[in-house]
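Visitor: 0 is the number of the first residue of the sequence shown in numbering that gives the first Met the number 0; add one for each residue after it.
Where a beta carbon is used, it is the ideal one built from N, C-alpha and C, also for glycine.
Since this is a predicted model, take the numbers as computed values, not measurements.
Questions regarding the structure given below will be posed in turn.
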Amino acid sequence: MATENEAVYLKQVPLFAGLADEDIGDLMSLAKRRTFRNNEVIFHREDPGQVLYVIKEGKVKISLISPDGQEISLVVFGKGECFGEFAILDGLPRSADAVALEKVECYTLQRSDFHNAIMKNPKIAIQIIEVLTKRLRSTDQMV
0 MATENEAVYL
10 KQVPLFAGLA
20 DEDIGDLMSL
30 AKRRTFRNNE
40 VIFHREDPGQ
50 VLYVIKEGKV
60 KISLISPDGQ
70 EISLVVFGKG
80 ECFGEFAILD
90 GLPRSADAVA
100 LEKVECYTLQ
110 RSDFHNAIMK
120 NPKIAIQIIE
130 VLTKRLRSTD
140 QMV
């Protein structure tokens, strides 16, 4: 069961900001806590995408390996940010690698639980669209 501090924390995460306390409580009852060690692989490109991650502490690097074997760092996520949302929305394999850059504590939500939460509260869907749009705009500026 979620503690009050965890619920307060989740309400500060852009993806869940503005949700009612009851909705946050529902999400927290479905979320699991995970810890990853420094340099631990969280997932590889092409892994099945069934989990959304919300970082409570630490940093995670998202990267790709180029055809010539060079690592291309795409982004580093930190406290309060989420990753893995593409795969839980479209059900396709992961599009990049995720590695903990330090000890990482995060909450995880399974794809089926996340879909149920969206069906119950469409505001979550709108907020994830906003998060993804900001990321796309950021990517466009990099090109």
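Quick one: what does DSSP say S65 is sitting in, helix, strand or coil?
Guide: Mapped onto the sequence shown, residue 65 falls at position 66. In this structure, S65 counts as coil in the three-state DSSP scheme.
Visitor: Which residue from V53, I64, K102, R36 puts its Cα closest to that of E84?
Guide: Taking the sequence shown and counting its residues from 1, the one referred to as residue 84 is at position 85. Comparing Cα positions, the closest option is V53.
Visitor: Please go through the stretch 28-91 and give each complete alpha helix (DSSP H) segment of 4 or more residues, from N-terminal end onward.
Guide: 84-89
Visitor: Following the continuous alpha helix (DSSP H) through A95, name the residue where it begins and the one where it ends.
Guide: Numbered from its first residue, the sequence shown carries residue 95 at position 96. From DSSP, A95 is part of no alpha helix (DSSP H); its letter is neither H nor E.
Visitor: Determine the DSSP secondary structure at E101, reduced to helix, strand or coil.
Guide: Looking up residue 101 in the sequence shown gives position 102. Residue state, collapsed to three classes: coil.
Visitor: Do Q126 and G79 have their CB atoms nearer than 9 Å?
Guide: Taking the sequence shown and counting its residues from 1, the one referred to as residue 126 is at position 127. Taking the sequence shown and counting its residues from 1, the one referred to as residue 79 is at position 80. No, Cβ-Cβ distance for Q126 and G79 is not below 9 Å.
Visitor: Does M0 come out as helix, strand or coil in the three-state DSSP assignment?
Guide: By 1-based counting over the sequence shown, the position of residue 0 is 1. Only weak support is given to the placement of M0: the predicted model assigns it a pLDDT of 41, under 50, and the value that follows is read from those uncertain coordinates. Coil.
Visitor: What are the start and end residues of each continuous alpha helix (DSSP H) run of 4 or more residues lying completely inside the stretch 101-135, in chain order?
Guide: 110-119
Visitor: Could you tell me whether the stretch 111-118 touches the stretch 31-46, using the rule of 3 or more Cβ pairs below 8 Å?
Guide: no
Visitor: To the nearest angstrom, how far is it from the Cα of F113 to the Cα of I87?
Guide: Start at 1 with the first residue of the sequence shown, and residue 113 comes out as number 114. Start at 1 with the first residue of the sequence shown, and residue 87 comes out as number 88. One C-alpha to the other measures close to 8 Å.
Visitor: With 16 other CB atoms within 10 Å as the buried threshold, where does L135 fall?
Guide: To locate residue 135, count along the sequence shown from 1; it is residue 136. That one is exposed.
Visitor: State the CB to CB distance for the pair A99 and G57, rounded to an integer number of angstroms; the pair is presumed to be in contact (CB under 8 Å).
Guide: Mapped onto the sequence shown, residue 99 falls at position 100. Mapped onto the sequence shown, residue 57 falls at position 58. Contact between A99 and G57 holds: their C-beta atoms lie close to 6 Å from each other, under 8 Å.
Visitor: Rounded to the nearest angstrom, how far is the Cβ of P92 from that of G48, given a contact under 8 Å?
Guide: As a working mapping, residue 92 is identified with position 93 in the sequence shown. As a working mapping, residue 48 is identified with position 49 in the sequence shown. Contact check for P92 and G48: beta-carbon distance about 6 Å, within the 8 Å limit, so the pair qualifies.
Visitor: Okay, do the stretch 15-32 and the stretch 58-66 touch, 3+ Cβ pairs below 8 Å being the bar?
Guide: No, because fewer than three Cβ pairs between the stretch 15-32 and the stretch 58-66 fall closer than 8 Å, the two stretches do not touch.
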